[in-house]
Amino acid sequence: MSAGIGLPTRPGKRILKAAEAQAWQDGFAFLDAAKRRAAELHDTARSAYGDSFAEGYRDGKTEGAAEAARLLAEVIAKVDRYFGSIEKDVIGLATDVIARVLGEFDANELVAKAAGQAISEMRRSRFIKVSVHPQALDAVRDELAAIRAESTFQGTFEVIADADLPRDGCVVATDIAVVDATIGVQIAAIAEAVCDRREMPE
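In structure tokens form, the structure reads like this:
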């Protein structure tokens with residue numbers, strides 16, 4: 001942190017977008033301008049008061065500090081507005097990256113793992129019905145058979161194909177609840193939760 005003013009001396013991460021780098025450069029340029037202006041005011045006050053140096057120094061320092069505080073408040077407001085404007089873009093970018101990375105994996109395996117995770121959290125249900133896209137049917141059946149063999153689940157479960165579901169679709173219905181474990185829906189839910197958490201007052 002910069003001494004006395006509570007500002008970071010550098011970004012909190014190593015790699016910045018061009019716009020982020022520009023925001024940091026602008027912020028430090030404003031701060032440097034405030035310091036230069038304060039110094040100019042200080043020098044002006046010194047020469048103007050001559051023999052009354054002590055009084056001029058106090059006046060110049062006060063005026064310079066006020067100008068620096070004004071410029072600093074302006075910089076902080078601009079940086080806050082900038083980061084507030086890009087926050088949702090950054091979250092969107094992160095979820096896009098997650099979706100692309102997951103897109104490199106076999107969709108059937110991803111759906112099977114999602115179904116398996118959902119079922120492992122619903123073991124107390126008496127009945128579980130899993131609906132998936134037809135292309136994921138065999139992978140999900142194999143995954144759930146393996147889970148059932150290793151668990152104490154005593155209920156019944158059924159895996160059915162639903163051509164209306166997207167390729168990454170997975171809906172788990174029990175006697176208690178219905179859960180949409182679709183990969184895309186889960187990614188969107190994570191992004192929404194992050195946005196909601198960021199918007200909560202501290």
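In the UniProt record's numbering, the protein residues as written are 1 to 202. Heads up, the beta-carbon is just placed ideally off N, CA and C, and yes, glycines get one too.
- Counting only the Cα atoms, alanine 188 lies some 38 Å from phenylalanine 30.
- The residue among Ala163, Lys129, Ile119 and Gln135 with its C-alpha nearest the C-alpha of glutamate 150 is Ile119.
- Counting only the Cα atoms, aspartate 59 lies some 27 Å from glycine 27.
- Using a Cβ distance threshold of 8 Å, leucine 137 and alanine 114 do not count as a contacting pair.
- A residue is called buried once 16 or more other Cβ atoms fall within 10 Å of its Cβ, and phenylalanine 127, having fewer, is exposed.
- Rounded to whole angstroms, alanine 69 and alanine 77 show a C-alpha spacing of 12 Å.
- Non-local beta-carbon contacts of glutamine 117 in its own chain, meaning distances under 8 Å to residues more than five positions away in sequence, involve Ala181 in chain order.
- Restricting attention to beta strand (DSSP E) runs no shorter than 3 residues, the segment 137 to 192 encloses them at 156 to 161, 170 to 174 and 178 to 180, ordered along the chain.
- Beta-bridge annotation (DSSP): valine 130 is paired with Val159 and Val172.
- Valine 178 and alanine 19 have their C-alpha atoms roughly 43 Å apart.
- When rounded, the separation of the alpha-carbon atoms in alanine 65 and serine 47 is 18 Å.
- Sixteen is the threshold: since fewer than 16 other Cβ atoms of the shown chains lie within 10 Å of the Cβ of glutamate 74, the residue is exposed.
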